[in-house]
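Chemist: All residue numbers for the sequence shown refer to our numbering, where the first residue is 1101 and numbers rise by one. Positions of the beta carbon are idealized from the N, C-alpha and C atoms, including for glycine. In this text the structure is predicted, and so the values were computed from the model without any measurement. Below are the structure tokens for one structure; questions will follow.
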Amino acid sequence: MKLYLLLAILTAMSAVTVVSAGTDTPPTPPVAKKEPKITEKHGHKLVDPYAWLRNRESPEVMKYLKAENLYTEEMMKDTEELQNQLFEEMKSRIKETDLSVPQRIDTYMYYSRTEEGKQYKIHCRRGVEEGAPEEIIFDENKYAANKPYFAVGTLKVSPDHNILAYSTDTSGAEKFELGFINLATGETYADRIASTTYGVQWAADNKTVFYTLMDDTGRACLIKRHVLGTPVKEDKDVYEEKDGQFWTGIGKSRDRRFLLISSSSSTTSEVRFLDARTPEGEFKIFRPREKGIEYGLICHGDYFYILTNENAVNFKIMRTKFDNIASASWEEFVPARDNVLIDDLDEFSGHLVISEREDGLQKVRYYDCKTGEFKFIPFEEAVYSVSLDANPEFDTNLVRYRYYSLTTPESVFDFDMNAGKAELKKETEVLGTFKKENYHAERIFAKAADGVMVPISLVYRRDMHGKEPANLYLTAYGSYGSSYDPYFSSIRLSLLDRGFTYAIAHIRGGQEMGRPWYNDGKLLKKKNTFTDFIACAEHLVSAGYTTKQKLVINGGSAGGLLMGAVVNMRPDLFKAVIADVPFVDVMNTMLDPSLPLVREEYEEWGNPEEKEYFEYMLSYSPYDNVSAQNYPDMLVTGGLNDPRVSFWEPAKFVAKLRDTKKDKNLLLLKTNLDAGHAGASGRYDYIKEIAFEYAFIFKVFGVKF
């Protein structure tokens, strides 16, 4: 292995130490031993020798990140041909020139398309009449030209379809610049609004726009009103959320009657509403916030329908007349059930659509407002996922949903709620040799440390399964109540077609098995998330699906916290670990409320100002629990402009591992210096990142082909 390029850079850095350039011998941490930062709290002393890495303005920090990237590049140099092969293989399965299913909004059909060789989408529309010509309303490739990163925050057309509000981010920091285009003339308006978040809504007058700004920590906290053509400095504050644990955003009811401002923390919410025809009016509180009570609104006919968890851990649906919104007047519409979580509620002119989870399985049922009947949309497979599309039209009997499973590519259906029939509009085409019948998906269960049965979803090639324990890729998330539902990936075929089994552990902290599943994996029960994952891994080994030496695990963000925690707890259980943008420096981050997301996270992890939570978080914080033991081969990634998990978290974690661990296994840090939390933005660049991670796995596992 050639390390001379890395060594030249490291030698040039002040106070940097390296070991001799033995083949494949990792250097000592390419950082100086500096005076550590010491924090004393609740009788504990936190010693942070790599706190200086937080300063992204420091030339020494940038040298460190670049040196680690170069080391990673050198250590992976023998896989470059493999990476290119995987990239071309993954790309070859994708229909590069493709078209989304058009979505009707009033007299237009809106859709996006991709073109071979282009990284980004082209957004278009045409009239509903037959033969209507295409209009390109926004070509992302044009705006992304010569930019290493590009992302769209919002594309929202005015109610009369004449003006497009759009926002773009060119750093990955999720701070979007909002602009406007006249779709009739192609003119770009002079109105430019910096540092907006995702929330943008038009009023009914086609000239007033509500948008959301953030504070210094990245929290969406201020709704402002802009009138097109007026100076931005004259924009009026509409609502400011002053509680640091709450985020706020602006939406609109599907029938376009009301503008809705929602403020919410992890456990509490509050909604304000305003007639969309009177944008200068004052928003009215629907129900004042009450700690621990969450709710959301839709409007239909003469009623507001309320999805709430008040006295209903898995949520229930209430309703009340527009002219009498006091909670004492609410009446029950769908009661709470112990085994069914109500995920969402959507309204159409003649129907209501309810998204539910029962025994970990997603279900969709619809209510006929004329007959008063509830019916389910039928799904055939035993393990699948379904999600409702945006469905912007209100006056329709069609509900569009996306269906997929571990073996079924994403399929778009329009379901006719009057006829009770589904029409397949498109199944994503997988080019090449893919045949669904060659793969098998199943769901098994692992017994957790406390006896709870944890679901695991699996997929593998039928002709490569059962002969002997297989290489196995196990992933999970397990935080914020986010359910990790099984989905199809043509990229994943590069694993399955080489004999790998792919598995998702549906651990506590998610919401797959209902809201109690989430509650049992947060705050002072957070360790259930980690022990559930370990139990799943142990079960996969004991049941013969794999062995410890054939098991690679992956998780990102809060799932990266999971990776850091379990590898500290059971490093012997895994051959390799990939931690993407991992939240691993829990204590130092949560003790600094000036950082993004910290105050809002108190309801997820706990407030470390309280001793009980401090000590509990300290007991699992990955950075604080790195110890002098053997660790698996590890790849850790970060994003320099990441507003959610600061780049220095993975950097510090790797530095401490290098300084502490006893083994000589591969430890790589790869920081994207042009992106944020989501990594590369272009579709080809994204595939290259996955090809790199797969190449790391094949290198560590010694997969030959």
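Alpha carbon to alpha carbon, how far is C1469 from L1498?
Modeler: 14 Å
Chemist: Would Y1220 and E1240 be called neighbours here (beta carbons separated by less than 7 Å)?
Modeler: Yes. Within cutoff.
Chemist: Throw me the rounded Cβ distance for the S1365 and E1700 pair, which I believe falls under 8 Å.
Modeler: 7 Å
Chemist: I'd like to know whether the C-beta atoms of S1583 and G1610 end up nearer to each other than 7 Å.
Modeler: yes
Chemist: Is the beta carbon of Y1311 closer than 7 Å to that of L1813?
Modeler: Residue 1813 lies beyond the stretch modelled for the chain, which goes from 1101 to 1805, so this question has no answer here.
Chemist: If you run the structure through DSSP and keep just helix, strand and coil, what is L1740?
Modeler: Per DSSP, reduced to three states, the secondary structure at L1740 is coil, with no helix or strand assignment.
Chemist: Could you tell me which residues DSSP puts in a beta bridge with C1399?
Modeler: F1404
Chemist: By the 10 Å Cβ neighbour count, where 16 or more other Cβ atoms means buried, how is A1121 classified, buried or exposed?
Modeler: Because the pLDDT of A1121 is 31, which lies under 50, any placement of that residue in the model is unreliable, and the number read from its coordinates should be weighed accordingly. Exposed, because fewer than 16 other Cβ atoms sit within 10 Å of the Cβ of A1121.
Chemist: Just to confirm my understanding: we take K1134, look at its own chain, exclude 5 residues before and 5 after, and list those with CB closer than 6 Å. What are they?
Modeler: W1152
Chemist: Using 8 Å as the Cβ pair cut-off and three pairs as the minimum, do the region 1711 to 1728 and the region 1595 to 1607 touch?
Modeler: Contact between the region 1711 to 1728 and the region 1595 to 1607 is absent, because fewer than three Cβ pairs lie under 8 Å.
Chemist: On the criterion of 16 or more Cβ atoms from any shown chain inside 10 Å, does T1297 qualify as buried, or is it exposed?
Modeler: buried
Chemist: Check whether the Cβ atoms of V1677 and E1749 lie closer than 7 Å to each other.
Modeler: no
Chemist: Label P1159 either buried or exposed according to how many other C-beta atoms from any shown protein chain fall within 10 Å of its C-beta, with 16 as the threshold for buried.
Modeler: In summary, P1159 is exposed, with fewer than 16 beta-carbon neighbours lying within 10 Å of its beta-carbon over all protein chains present.
Chemist: Taking DSSP as the reference, what is the three-state secondary structure of D1585?
Modeler: coil
Chemist: Output needed for V1257: all residues of its chain with C-beta closer than 6 Å, excluding positions within five of it in sequence on either side, in chain order.
Modeler: Here V1257 has L1264 as same chain residues with Cβ atoms under 6 Å from its own Cβ, once five neighbours each way along the sequence are excluded.
Chemist: G1659 by DSSP, collapsed to three states: which one?
Modeler: helix
Chemist: Of all the beta strand (DSSP E) runs that stay within the bounds of the region 1639 to 1719, which reach a length of 3 or more residues?
Modeler: 1651 to 1656, 1676 to 1680
Chemist: With DSSP run on the structure shown, which of helix, strand or coil describes T1197?
Modeler: coil
Chemist: Please work out which residues of its chain come closer than 6 Å, Cβ to Cβ, to E1410, disregarding the five sequence neighbours upstream and downstream, and give them in chain order.
Modeler: I1393
Chemist: Measure the C-alpha to C-alpha separation of G1566 and K1804 and round it to an integer number of angstroms.
Modeler: Cα to Cα, G1566 sits roughly 20 Å from K1804.
Chemist: What number of angstroms, rounded off, separates the C-alpha of I1556 from the C-alpha of K1547?
Modeler: 11 Å
Chemist: Under a three-way DSSP split, which group does Q1183 fall into?
Modeler: helix
Chemist: Determine the DSSP secondary structure at V1161, reduced to helix, strand or coil.
Modeler: helix
Chemist: Please report the distance separating the alpha-carbon of D1269 from that of I1293.
Modeler: 12 Å
Chemist: Since A1546 sits in a beta bridge, which residues does DSSP pair it with?
Modeler: V1554
Chemist: Please list the segments of the beta strand (DSSP E) lying wholly inside the region 1322 to 1410, counting only runs of 3 or more residues, in order along the chain.
Modeler: 1336 to 1340, 1347 to 1352, 1358 to 1364, 1369 to 1375, 1395 to 1400, 1403 to 1408
Chemist: Go ahead and pull the three-state DSSP assignment for S1192.
Modeler: helix
Chemist: Express the C-alpha separation of L1461 and D1443 in angstroms, rounding to a whole number.
Modeler: 12 Å
Chemist: Quick one: what's got a C-beta closer than 6 Å to S1449's C-beta in the same chain, skipping five residues either side?
Modeler: F1494, D1495
Chemist: Are the Cβ atoms of A1284 and N1262 separated by less than 7 Å?
Modeler: yes
Chemist: With burial defined as no fewer than 16 other Cβ atoms inside 10 Å of the residue's Cβ, what is the status of E1341: buried or exposed?
Modeler: buried
Chemist: Given a threshold of 16 other Cβ atoms within 10 Å of its Cβ, counted over all protein chains shown, does P1129 qualify as buried or as exposed?
Modeler: Note that P1129 has pLDDT 46, beneath the 50 cutoff, so the model's placement of it is unreliable and no number is given.
Chemist: How is the beta strand (DSSP E) around D1239 delimited, first residue to last?
Modeler: 1235 to 1239
Chemist: Pull up the distance between the alpha-carbon of T1172 and that of L1735, whole angstroms please.
Modeler: If I take the Cα positions, the gap works out to 9 Å.
Chemist: Please report the distance separating the alpha-carbon of V1440 from that of E1458.
Modeler: 5 Å
Chemist: Thinking C-alpha only, which one of E1793, G1706, V1681, Y1731 is nearest D1742?
Modeler: Selected option, being the one with the closest Cα: V1681.
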